[in-house]
Amino acid sequence: GEDYVVRVSFITREQFMESCKPYYMEYADGEAPDEDIMQARDLIEAVFEKVPRTYEELRSLPFPMHIQQAMNSARTSGRGYFEERTPDMRKFARILKKFIILSNPDGRAYWPLVKDVQILGPFRSLESGLILCDLPGSGDGTSLAYRNPASNCPYKMYVFTAEAARNNS
Numbered sequence: 006g007e008d009y010v011v012r013v014s015f016i017t018r019e020q021f022m023e024s025c026k027p028y029y030m031e032y033a034d035g036e037a038p039d040e041d042i043m044q045a046r047d048l049i050e051a052v053f054e055k056v057p058r059t060y061e062e063l064r065s066l067p068f069p070m071h072i073q074q075a076m077n078s079a080r081t082s083g084r085g086y087f088e089e090r091t092p093d094m095r096k097f098a099r100i101l102k103k104f105i106i107l108s109n110p111d112g113r114a115y116w117p118l119v120k121d122v123q124i125l126g127p128f129r130s131l132e133s134g135l136i137l138c139d140l141p142g143s144g145d146g147t148s149l150a151y152r153n154p155a156s157n158c159p160y161k162m163y164v165f166t167a168e169a170a171r172n173n174s
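For the numbering used here, count along the sequence shown from 1 and bump the result up by 5.
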C-alpha cells in the first residue's frame, strides 16, 4: 500500500527570534500594541519552559532537543524539510498532530517554528485536485492569518471548531 507522509518545513532560528522581539522592546505608554506583545509571549512560552527575562537570554537558549532534532533533520536532509512516513493512518495522525497542536505532552510545541506542513497519501477524497490550506493563527487566538489571508487563493473556506466559534462569539 501507499504510505502516508508528513513533511514539515521550519522557519529559521533568526525568524523565530525576530517574532519574539516585541515582548522585549521598550515602549512608551500606549505605544505598543498589546496584541503583538502577547503573541510574542505565546511563541516563547510554547517553545521554552519559561520566558527569559531578556532578549539576549532568549537568544542564548537552545531549542528543546526534540525540536532541534527535527530542525536539524530538515536542514541536513538536502530536501529542506523533515519527513516521516507510515502505512498506518492512526500513526500518521499522531505524527501530524505533534507538529500542529498547541502543546505536546512534554509541554513544548513545534507550531511556532513550523513554516509549512505537507501531507501526502492515499486520500481518495482529494483526487479531484482539492487543496487544503491551513491559515496560521486562524481560530487559535492569534491574528496572523488575517494580515495576509492567502490573498492569491481564488476561493476560501474558513473552518473552525465548534469550541473556537463558541469562544469567539
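Glycine included, every Cβ here is placed at the ideal spot set by N, Cα and C. Computed from a predicted model, the values in this text were never measured in an experiment.
For residue 106, there is no enclosing alpha helix (DSSP H), since its DSSP letter is neither H nor E.
Burial is judged here by how many other beta carbons sit within 10 angstroms of a residue's own beta carbon; residue 87 has at least 16 and is buried.
Distances from the CA of residue 119 to each of 127, 103 and 129 were compared; the closest alpha carbon is that of 103.
Apart from the 5 residues on each side of it in sequence, residue 100 sits with its Cβ closer than 6 Å to the Cβ of 11 and 89 in its chain, given in chain order. Rounded to the nearest angstrom, the Cβ distance from residue 52 to residue 69 is 7 Å, consistent with a contact under 8 Å. Burial is judged here by how many other beta carbons sit within 10 angstroms of a residue's own beta carbon; residue 48 has at least 16 and is buried. Straight-line spacing of the CA atoms in residue 133 and residue 77 works out to 35 Å. Excluding residues up to 5 positions away in sequence, 45 and 48 lie with their Cβ nearer than 7 Å to the Cβ of residue 24 in the same chain.
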